[in-house]
Amino acid sequence: MKDGEKMSIKILLVEDQKLMRIGIKSLFCDYPEMDVIAEAENGKDAIEKCKLNKPDIVLMDLGLPDINGIEATKQILEHNNNIKIIILTSHTSEEEVTASLQAGASAYVIKDIATDFLMNVIKMIKAGAMWLDPHIVPFIRDKNCGIIPARQLSRSVFKERHSNLTQREYEVLKLIVDGQSNSDIAKTLTISEHTAKAHVCNIIQKLVVDDRTQAAVKALKEGLV
C-alpha cells in the first residue's frame, strides 16, 4: 500500500449459489475501497477462510449446505471476535433473525437492498455500528428479549446523554420505535405530517445515525424503551 492510500475493507463472501456469488461480487467493481479477498460456498469453508484470510467483514448467507450461516457465525466469532459479520439473505423468519443476532451478527440485510446502501452498511459495520433491515425491526422491537444487547440505561440517563433532544422529539422517538410512519406520528400527536418529518430528521441528526431504523435500534440498545 502506498503512503497516503486508505486501507480497503477486506471482505469474505459466503454464498452457496455460484451465480449469486458472482453477481454479489460484481457489485464491488465500482467500489475500490472494498476488496473481496476470498469466497466460500459453505459454512465449513467460511470458517477456515476466516482463519486464513482474516477479513474485516463477512457477508454471510444463511442457507448453506453443511454448517448453516448461524452456526458458522458462532464459530467464526469464537475464533476471532474482531471480524464483523453481516447476514445477507432472503430469509425473514423471526427465528432466523433472532438466532443470527444472538450468534453475534452485526447486521441483518435482505438481499433486495440497493447496492449503494449495502456499501454504506458495510462501512457502518466496519466502524462498529449495528444495522437491521427495516423489514425486521417490528418484531425485534416487539420481542426484544436480549436480541439487541441493551445497556440497561434508565430513561433519565438516556435523556442526560442526549439532552439536546426536546421533549417532543422524545415522544416522536418512542413512536419511531413503535414502528409508526411519519403519517402515523402526525395523527398520534395531532400535528402536520411536515412537522412530524421535521422531528424525525432532527432526531436522526441529534442521535448521529443515518436513518429512522438506526434511531430505533439506538433507543432500544440504550434502554429508552
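Under my numbering, the first residue of the sequence shown carries the number 3, and numbering increases by one thereafter.
We put the beta carbon where it would ideally sit given N, CA and C, even for glycine.
On a predicted model such as this, the values are computed, not experimentally measured, just so you know.
Within the same chain, and ignoring the five residues on either side of L79 in sequence, the residues whose Cβ sits closer than 6 Å to its Cβ are G106. At the C-beta level, K86 and I115 stay beyond 8 Å of one another. Under the DSSP definition of a beta bridge, I112 partners with T91.
Excluding five sequence positions before and after F30, the CB atoms of its chain that fall closer than 6 Å to its own CB belong to M36 and V38, given in chain order.
For A129 and K12, the gap between their C-alpha atoms comes out near 13 Å.
With the rule of 3 Cβ pairs closer than 8 Å, the region 164-178 counts as touching the region 204-215. Taken through DSSP and simplified to helix, strand or coil, I187 comes out as helix. In this structure, I26 is the residue among I26, E98, V210 and I69 with its C-alpha nearest to the C-alpha of M121. For V210, the three-state secondary structure derived from DSSP is coil.
Between K53 and I69, the CB-CB gap reaches or exceeds 8 Å. In chain order, I49 place their CB closer than 6 Å to the CB of Q77, counting only its own chain and leaving out the 5 sequence neighbours on each side. Selection V123, E41, L90 and T190 evaluated against K56 yields E41 as nearest (Cα-Cα). Of the candidates H137, K125, W133 and A221, the residue whose Cα lies closest to the Cα of E171 is A221. Distance from the CA atom of A131 to the CA atom of D186, rounded to whole angstroms, is 28 Å. Between E195 and the set K51, S183 and V210, the nearest pair of CA atoms involves S183. If the five residues before and after T75 are omitted, its C-beta is found closer than 7 Å to the C-beta atoms of M62, I87, S102, A105, G106 and A107, all from its own chain and listed in chain order. Closest option to T168, judged by alpha-carbon separation, among Y33, E97, M126 and C203: C203. By the beta-carbon neighbour count (other beta carbons within 10 angstroms, threshold 16), D32 is exposed. Short of 8 Å from the beta carbon of R23, and not among the five residues preceding or following it, lie these beta carbons of its own chain, in chain order: L15, E17, E41 and E43.
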